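Under our numbering, the first residue of the sequence shown carries the number 496, and numbering increases by one thereafter.
Note that beta-carbon positions come from the ideal geometry of N, C-alpha and C, so glycine has one too.
No experiment lies behind these values; they were computed from the predicted model shown.
Accompanying notes for the structure given below.
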Amino acid sequence: MRIRHLAMMLSDLEPHPCNDVSLEQYSTDGDLAARLLFDIASFGDINDNYTVADLGAGNGILGIAALKLGVQQVIFVETDIEACSTLEKNLIKHNALNSGLIVNEHISSETFLKKVDLIICNPPWGRQKEKADRPFLEMILKNGSIAHLLHSASATHIRPFFESKGWDV
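Here it is in structure tokens:
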């Protein structure tokens, strides 16, 4: 699949409802999602036998892109029930319901996530609540998987956070 075709398909997904400001919900653009997933694939971090976790999945744009690029399964973790409903519709629309598992759960230190091959996420950036991204970062550490995340270009805490835990960034 070409990046342009993936971007067009992702842009056609039912959008994230974005109804809860406290959750810092923002839509991810189809072009951006396609570019991110193609970059992840170029690093060799997408494989057809992989299980991927999409944390804070929203309407499923990142995980659905991973499925379109050939991963075996995506676990979509999303706290907002309305977003989960939208995500389910998007999976059905793209005949991917059997490859996606939707987990309606708030990400915290108590969240259990089976070992996956890759974690992708666009966490809250902390504009409404400081350190809102921390549970996502801690989940990545806890799982120990390769991870790719979208974050604000002005975020200076990501690299030191992971390097202080012995990770390469």
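- Under DSSP, the beta-bridge partners assigned to Val598 are Val572.
- Sixteen is the threshold: since fewer than 16 other Cβ atoms of the shown chains lie within 10 Å of the Cβ of Pro655, the residue is exposed.
- Between the alpha carbons of Lys610 and His601 lies a gap of roughly 18 angstroms.
- Counting along the chain, the unbroken beta strand (DSSP E) around Ile614 starts and ends at 613 to 616.
- Fewer than three Cβ pairs drawn from the segment 613 to 620 and the segment 587 to 598 lie within less than 8 angstroms of each other, which leaves the two stretches out of contact.
- Close CB contacts of His643 within its chain, under the 6 angstroms cut and outside five residues either way in sequence, are with Ile535, Ile615 (chain order).
- For the 8 angstroms CB-CB criterion, Ile498 and Arg530 form a contact.
- Taking one beta carbon from each stretch, the segment 575 to 582 and the segment 544 to 560 have 3 or more pairs nearer than 8 angstroms; the two touch.
- In this model, Phe631 and Leu645 are separated by some 11 angstroms (Cα to Cα).
- Linking Ile576 to Ile597 through their CA atoms gives a straight-line distance of about 10 angstroms.
- His643: member of the beta strand (DSSP E) spanning 641 to 644, first to last residue.
- For Leu608, the closest of Ala560, Ala548, Lys624 by C-alpha to C-alpha distance is Ala548.
- Collapsing the DSSP output to three states places Thr606 in coil.
- When the Cα atoms are used, Arg629 and Met503 turn out to be separated by approximately 32 angstroms.
- Cβ-Cβ separation between Leu562 and Met496: approximately 11 angstroms, too far for a contact (criterion under 8 angstroms).
- Taking 8 angstroms as the cut-off, the Cβ atoms of Ile570 and Leu508 do not count as close.
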